[in-house]
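Visitor: If you read the sequence shown in our numbering, its first letter stands for residue 554, the second for the next number, and so on. For each residue, glycine too, the CB sits at the ideal point set by N, CA and C.
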Amino acid sequence: MSLDITRVAAQINAMAEKLAENGAQHRARLAAAAERLGSAGDPAALRDKVRLSRTSFLLAAPLTTLDERHCPAGPPAAYSVIAADGSHIDVDRNYSTPCSLINIGTVRLDYGAEAGAWLDSRPRLLSDESDLVIAEPGGAGRVPVKGPLLGIKRDVEECAALAALAAALPPERPALALADGTLIRWNLTTQNYEPYVIRELLDEGYLKCLSAFHSLCAQRPLGVASYISSPGGEEVVNTLRLTLCPYEPANCDRCCGRLGYGERPCDPVSGVSDAELFGRFLAAGERSAIFESTSKVIGQYYGEHRICFFYLRLEDEIARVELPVWLATDPDRVGLIHTLVLEQVKKGHGYPVALSEAHEQAVVTGADREVFYEVIDAYLADRGLASAVSAKSFSKKARWI
554 MSLDITRVAA QINAMAEKLA ENGAQHRARL AAAAERLGSA GDPAALRDKV RLSRTSFLLA
614 APLTTLDERH CPAGPPAAYS VIAADGSHID VDRNYSTPCS LINIGTVRLD YGAEAGAWLD
674 SRPRLLSDES DLVIAEPGGA GRVPVKGPLL GIKRDVEECA ALAALAAALP PERPALALAD
734 GTLIRWNLTT QNYEPYVIRE LLDEGYLKCL SAFHSLCAQR PLGVASYISS PGGEEVVNTL
794 RLTLCPYEPA NCDRCCGRLG YGERPCDPVS GVSDAELFGR FLAAGERSAI FESTSKVIGQ
854 YYGEHRICFF YLRLEDEIAR VELPVWLATD PDRVGLIHTL VLEQVKKGHG YPVALSEAHE
914 QAVVTGADRE VFYEVIDAYL ADRGLASAVS AKSFSKKARW I
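This is how it looks when you write it as C-alpha cells:
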C-alpha cells in the first residue's frame, strides 16, 4: 500500500506553523540576549555572582565588560604558525594481537621573509604493556588504554608534539601554536576514571604540556590557542540568564525547580547559543570579550592553566578560540592570537590552513587501517606467529550467501 499523502499533509502543515511560531519566539529571545549583553553591569560583580551561584547550566566568568568588541591589528611582517592534529587505530578486540596506533600530523608555516612550509606525519605503534595499560602505582589497578582513553592519550601526544614544534622555532620570531578543538579535557569527567588514570593523562600528560607552553611564552612572542568551528556552547548566554536572576545567590533547583519553561525569570534569553548571540553582535573580523570557563574539570585540576575563550566573527561563521588564562590577561598576546587566527582562516578559505594541513597529515583512512593489519599479519607470519581473528570478525569480512 502506497503512502496516503493527503492524510499526512495536514500534519505537515501543522508542523510548519509550529516551526514558524517557534522561530518568531527564538528571534525575540535572541534580541533580548543581545540587548542584555550591553546592560549586564560590572564584570567583577558578575564574576562573584558566577562563583557563588548553583545553576543547572554551565556559566562563563567575564574577564572584562561583556559587550566589548575588538578589531584585529595587522599581522607581523614575518611570523610562523604551527599546528598538530592526530588520529588513531583503536585496539581491535576481535584480533589476537593487542595493539593500537597513534598518528600525529604536524605543520609549520613561515610567512614573510624566508617563507616556507614543513609538513610531517609520525605514526607510533602501541604494543608494549606500558602503552596499552595504565597501571596503578604501587597497586593492583589496571585500566586498558582503548576507546575514549586512547583518544585522550592521542590528545596528550598532539599537545606534546605542538610544544616540541614551538620550542624549535626561532625565539625572536612571532608565532602562533594552534590546536584543533577544545583545550578542556571534558571527557575525563564524563566517565568514572580512577584518580591514577586522571593523574597520568592530565597531571603528568596534558597539563605538563601546558606548563611547557607557559615557559616558552615567557621567553618568546608566542601565542597558544585552540580553534573550534561552529561551536554550540551557551555559557555566555547562560551568564546573561544569571543577570536576570533575582535570587542571591542563584540556586536553580531550590528557587525555580518546580517552574516550567517560560515561567522562570531567566527564560526570556534562554535557548540561544553563544554563536547566534555573537553572530548578531560582532562585525566580520571582530572578537568578543574574553570569558573564563567554569567547567568542573578545570576547577578540579587545571590550576594556573585555567582556560579562557573568546568568539571570533568570520565571513561565514562564528568560531570559538580558547587560550590559557596566562595569555588571556596579556593584551598583546591576545591581539597576536586574534590576528593570526583570522589570517589563517582567510588563507584557508574559511578554516585555518595550518589545521587543515595538519589534519591531512594525521588522517588514517579505512584503507590505511586494512593495510596496517595486513602488514602485522605478514610480519607475524614471517616469524611463524599466526594472527588469530575471531570467528565473528572473519564472518563479517568473508563473502557468503
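Given residue 915, which residues of its chain have a CB within under 7 Å of its CB, disregarding the five upstream and five downstream residues?
Guide: Within the sequence shown, residue 915 is the residue found at index 362, counting from 1. Within the same chain, residue 915 has close Cβ partners 638, 639, 640, 656, 657, 658, 674.
Visitor: Quick check: the segment 828–845 against the segment 737–755, are at least 3 beta-carbon pairs closer than 8 Å?
Guide: The segment 737–755, when compared against the segment 828–845, does not touch it at the 8 Å Cβ threshold.
Visitor: What do you reckon, are the CB atoms on residue 613 and residue 844 nearer than 8 Å?
Guide: Translated into positions along the sequence shown, residue 613 becomes position 60. Translated into positions along the sequence shown, residue 844 becomes position 291. A contact, by the Cβ cut-off of 8 Å.
Visitor: Does the pairing of the segment 683–701 with the segment 590–605 give three or more beta-carbon distances under 8 Å?
Guide: No: fewer than three Cβ pairs fall under 8 Å.
Visitor: Is it true that the segment 847–854 meets the segment 819–827, where meeting means three or more beta-carbon pairs spaced less than 8 Å apart?
Guide: Counting Cβ pairs under 8 Å, fewer than three are found: no touch.
Visitor: Looking at the unbroken beta strand (DSSP E) that takes in residue 579, where does it start and where does it end?
Guide: Along the sequence shown, read from residue 1 onward, the residue named residue 579 stands at position 26. No beta strand (DSSP E) contains residue 579, which is instead part of the alpha helix (DSSP H) from 558–590.
Visitor: Please report the straight-line C-alpha distance between residue 777 and residue 928, rounded to a whole angstrom.
Guide: Along the sequence shown, one-based indexing puts residue 777 at 224. Along the sequence shown, one-based indexing puts residue 928 at 375. Approximately 38 Å between the Cα atoms of the pair.
Visitor: Output the boundary residues of the alpha helix (DSSP H) element that contains residue 879.
Guide: Residue numbering aside, residue 879 sits at position 326 when the sequence shown is read from its first letter. Looking at the DSSP string, the run of the alpha helix (DSSP H) that includes residue 879 is 878–881.
Visitor: With C-beta atoms as the reference, is residue 602 less than 8 Å away from residue 795?
Guide: Your numbering for residue 602 matches position 49 in the sequence shown. Your numbering for residue 795 matches position 242 in the sequence shown. The answer is yes: Cβ separation under 8 Å.
Visitor: DSSP three-state call for residue 875: helix, strand or coil?
Guide: Locating residue 875 in the sequence shown gives position 322, where the first residue counts as 1. Residue 875 falls in the strand class under three-state DSSP.
Visitor: Using a Cβ-Cβ cut-off of 6 Å (strictly less than) and excluding sequence neighbours within five positions of residue 909, which residues of its own chain qualify?
Guide: Position 356 of the sequence shown holds residue 909. Here the set comprises 901.
Visitor: Give the DSSP-derived three-state secondary structure of residue 797 in the structure shown.
Guide: If you number the sequence shown from 1, residue 797 lands on position 244. If DSSP states are grouped into helix, strand and coil, residue 797 belongs with coil.
Visitor: Three or more C-beta pairs closer than 8 Å, one from the segment 774–790 and one from the segment 863–881: is that the case here?
Guide: The answer is yes - the segment 863–881 touches the segment 774–790, with three or more Cβ pairs under 8 Å.
Visitor: Are residue 855 and residue 760 closer than 8 Å when you measure CB to CB?
Guide: Position 302 of the sequence shown, counting from 1, holds the residue named residue 855. Position 207 of the sequence shown, counting from 1, holds the residue named residue 760. Closer than 8 Å, so yes.
Visitor: Spell out the partners DSSP gives residue 779 in its beta bridges.
Guide: For this step, residue 779 is matched to residue 226 along the sequence shown. Partner(s): 732, 875.
Visitor: What is the C-beta distance between residue 705 and residue 677, in whole angstroms, given that I count them as a contact (C-beta under 8 Å)?
Guide: Counted from its first residue, the sequence shown places residue 705 at position 152. Counted from its first residue, the sequence shown places residue 677 at position 124. Not quite, the Cβ-Cβ distance comes to about 15 Å (not below 8 Å), so this is no contact.
Visitor: Contact defined as beta carbons within less than 8 Å: I believe residue 798 pairs with residue 818. What is the distance between those atoms, to the nearest angstrom?
Guide: Stepping through the sequence shown from its first residue, residue 798 is reached at position 245. Stepping through the sequence shown from its first residue, residue 818 is reached at position 265. Confirmed, about 6 Å.
Visitor: Residue range of the beta strand (DSSP E) that residue 861 falls in?
Guide: Here the question's residue 861 lines up with position 308 in the sequence shown. Where residue 861 is concerned, the enclosing beta strand (DSSP E) stretches over 860–866.
Visitor: Is residue 948 helix, strand or coil by DSSP?
Guide: Walking along the sequence shown from the start, residue 948 turns up at place 395. Its pLDDT being 47, under 50, residue 948 is placed unreliably in this model, and the value from its coordinates should be taken loosely. Correct three-state label for residue 948: helix.
Visitor: Beta-carbon within less than 6 Å of residue 670's beta-carbon, same chain only, minus the 5 sequence neighbours each way: which residues are those?
Guide: Position 117 of the sequence shown, counted from the start, is the residue given in the question as residue 670. Answer for residue 670: 662, listed in chain order.
Visitor: Tell me where the beta strand (DSSP E) around residue 655 begins and ends.
Guide: The sequence position of residue 655 within the sequence shown is 102, counting from 1. Segment 653–664, the beta strand (DSSP E) holding residue 655.
Visitor: For the candidate residues 829, 618, 713, 608, whose alpha-carbon lies nearest to that of residue 1033?
Guide: Nothing about residue 1033 can be read from this structure; the chain reaches only from 554 to 954.
Visitor: Using DSSP bridges, identify the partner residues of residue 845.
Guide: Within the sequence shown, numbered from 1, the residue matching residue 845 stands at position 292. Its beta-bridge partners are 614, 861.
Visitor: Less than 8 Å between the beta carbons of residue 895 and residue 629, yes or no?
Guide: Numbered from 1 along the sequence shown, position 342 holds the residue referred to as residue 895. Numbered from 1 along the sequence shown, position 76 holds the residue referred to as residue 629. Taking 8 Å as the Cβ cut-off, residue 895 and residue 629 do not qualify as a contacting pair.
Visitor: Skipping 5 residues on each side, what residues in its chain have a beta carbon closer than 8 Å to that of residue 802?
Guide: Residue 802 sits at position 249 when you count from the first residue of the sequence shown. Result list for residue 802: 602, 605, 606, 607, in chain order.
Visitor: Determine the DSSP secondary structure at residue 953, reduced to helix, strand or coil.
Guide: Against the sequence shown, residue 953 aligns to sequence position 400. The pLDDT assigned to residue 953 is 45, lower than 50, so where the model puts this residue is not dependable, and the model offers no usable value.
Visitor: Which residues bound the beta strand (DSSP E) around residue 688?
Guide: Residue mapping note: residue 688 aligns to position 135 of the sequence shown, counting from 1. Counting along the chain, the beta strand (DSSP E) containing residue 688 begins and ends at 686–688.
Visitor: With DSSP collapsed to three states, give me the class of residue 972.
Guide: A question about residue 972 goes unanswered here, because the residues of the chain that appear run from 554 up to 954.
Visitor: Alpha carbon to alpha carbon, how far is residue 563 from residue 712? Give it in angstroms, no decimals.
Guide: To locate residue 712, count along the sequence shown from 1; it is residue 159. To locate residue 563, count along the sequence shown from 1; it is residue 10. Their backbone Cα atoms lie some 54 Å apart in a straight line.
Visitor: Using a threshold of 8 Å, state whether the C-beta atoms of residue 717 and residue 766 are closer than that.
Guide: As a position in the sequence shown, residue 717 is number 164, starting the count at 1. As a position in the sequence shown, residue 766 is number 213, starting the count at 1. No, the Cβ-Cβ distance between residue 717 and residue 766 is not below 8 Å.
Visitor: If we count the other Cβ atoms within 10 Å of its Cβ and call it buried at 16 or more, is residue 758 buried or exposed?
Guide: Along the sequence shown, one-based indexing puts residue 758 at 205. Buried, since its Cβ has 16 or more Cβ neighbours within 10 Å.
Visitor: Determine the contact status of residue 728 and residue 633, defining contact as a CB-CB distance below 8 Å.
Guide: Taking the sequence shown and counting its residues from 1, one reaches residue 728 at position 175. Taking the sequence shown and counting its residues from 1, one reaches residue 633 at position 80. For residue 728 and residue 633, yes; Cβs fall inside 8 Å.
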